[in-house]
Structure formats: C-alpha cells, structure tokens
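**Q**
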Amino acid sequence: MAHNPYSLSFTTGTLMLTETLLLTEHYLALGSWQKVREQVKQSNLLQGKTMKSTSTLASEIISRVRLLSDDQLQYLIQAQEKDQCYVVWLALCRRYQFIADFTVEVMGSALQTPEKTVTRPDYQAFFDQKAAFYPRLQTLSESTKKTVASFIFRMAEQAGLVDNSGKLLPIILLPGNRLFFDELSSLERRYFPGLEV
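Taking this note's numbering, I'd label the letters of the sequence shown as residues 384 to 580.
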C-alpha cells in the first residue's frame with residue numbers, strides 16, 4: 384500500500400460482520416479467495432441488488448480479511464460476536480493505514496484524557512494534519528470528508544471500541560480472546576485502545 388497509504392475505499396461498507404463471516408466460512412471450506420469470488424458471482428452469496436454491487440462488496444471484504452492469518456480466520460468464525468468484531472477491526476487496520484493511524488494517534492491520545500473520549504474535533508485535527516502531508520486528502524469534497532469521518536466513527540462503534548458518544552470502551556481479556564490479543568505485535572495491540580482503559 385506504499386503507493387497509496389491513505390486509500391479510503393472502506394466507505395464501500397462498514398464493519399459488515401455478517402457478510403465477512405459468510406465469505407470467511409466459504410474461504411475456509413474452499414481454500415481459495417478466487418474460488419470464493421467465483422461462488423459469489425455464481426450464487427449471489429451476498430444477496431446484492433446487482434452483480435456489480437455484489438462484486439464490489441465481496442472485493443472490499445476480501446481485501447480486508449485476506450490480511451488475516453488462517454488461525455485468525457478460524458478464530459473469527461468460532462469466537463463470540465464481540466470478539467469477532469475485534470478481529471474484523473484488526474483486518475481493517477491492516478488494510479487501511481488511515482484507520483490504523485487514527486486509532487493509534489487519536490484514540491491512543493484519548494486514553495490520556497480524563498474523559499477518554501474521541502470527538503469529531505479530534506478527528507478533524509487528525510485529518511488536517513494528515514492532509515498537510517498527503518495532498519490527495521486536500522482534494523476531497525466536504526461531503527466526502529464527512530462520509531469518511533462518519534464511517535470511521537460508525538465502524539469503531541460497531542467494533543466495540545467506542546460508544547455512540549465516542550467514549551472508549553474497555554476490552555476485557557477472557558480465556559476465549561486472550562490468545563488472539565497475546566499474538567498481536569505491540570503495534571497491533573495499539574489498534575485496541577480499550578486494552579488500556
């Protein structure tokens with residue numbers, strides 16, 4: 384992704400947990416993402432209104448989850464729903480540097496405040512800072528900027544990282560999810576600020 388470190392194509396869809404689980408189950412059965420793509424086209428697995436929308440959705444989901452290891456994919460299928468959301472968030476952060484940086488820099492900074500809350504002004508300051516280094520961000524329309532912000536906050540809420548006011552939520556380590564978090568690198572653990580709440 385070095386050529387386009389701040390791809391914003393995540394606005395194709397939010398966390399999409401149900402669809403992600405469906406495609407992951409097919410991948411684990413078939414052993415090939417290409418075969419999953421073919422099955423999506425043949426049987427309209429995602430129930431899209433058009434073939435184009437179905438293909439776009441499948442491509443977006445696959446671009447995320449293919450960055451997970453097979454062990455992480457197996458865990459994704461077997462885990463409790465809350466933990467499944469954490470796995471999908473990891474995939475999002477691996478796929479999108481913009482989301483990863485926002486999580487580490489903005490959510491991480493919120494940990495140091497008494498409120499432990501991420502606000503829209505926090506996001507705007509982050510965006511403006513990045514736009515100074517990535518001119519492509521400066522070319523976005525105001526409506527696109529709002530869409531990107533809305534998607535990030537919505538996905539963070541869907542993933543259980545924040546509540547609907549932006550307050551960071553704690554992540555409780557349990558026997559069922561401890562191995563998943565323990566196997567992450569020190570950087571990737573920072574994608575889950577709730578571990579420190």
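Here a beta-carbon is modelled for each residue, glycine too, at the ideal position from N, C-alpha and C.
Would you list the residues sitting across from Leu-551 in a DSSP beta bridge?
**A** Val-545
**Q** Is it true that the segment 445–454 meets the segment 477–486, where meeting means three or more beta-carbon pairs spaced less than 8 Å apart?
**A** yes
**Q** Throw me the rounded Cβ distance for the Ile-482 and Phe-575 pair, which I believe falls under 8 Å.
**A** With a Cβ gap of about 13 Å, Ile-482 and Phe-575 do not count as contacting.
**Q** Confirm, please, whether the CB-CB distance from Val-489 to Tyr-506 is below 8 Å.
**A** yes
**Q** Report the residue ranges of all alpha helix (DSSP H) runs contained in full by the segment 488–565; include only those spanning at least 4 residues, in chain order.
**A** Segments of the alpha helix (DSSP H) lying fully in the segment 488–565: 503–514, 518–521, 525–541, 561–565.
**Q** For the alpha helix (DSSP H) containing Met-434, name the first residue and the last one.
**A** Residues 434–448.
**Q** Can you find the residues in the same chain that come closer than 7 Å, C-beta to C-beta, to Glu-577, ignoring five residues on each side of it along the sequence?
**A** For the record, residue 577 in the displayed sequence is Gly; it is not Glu. Counting only Cβ-Cβ distances below 7 Å, and skipping sequence neighbours, we find Leu-544, Leu-551, Leu-552, Pro-553, Ile-554.
**Q** For Gln-467, does the count of other Cβ atoms within 10 angstroms reach 16, so buried, or fall short, so exposed?
**A** buried
**Q** Below 8 Å, how does it come out for the segment 455–464 and the segment 524–540: are there three or more Cβ pairs, yes or no?
**A** no
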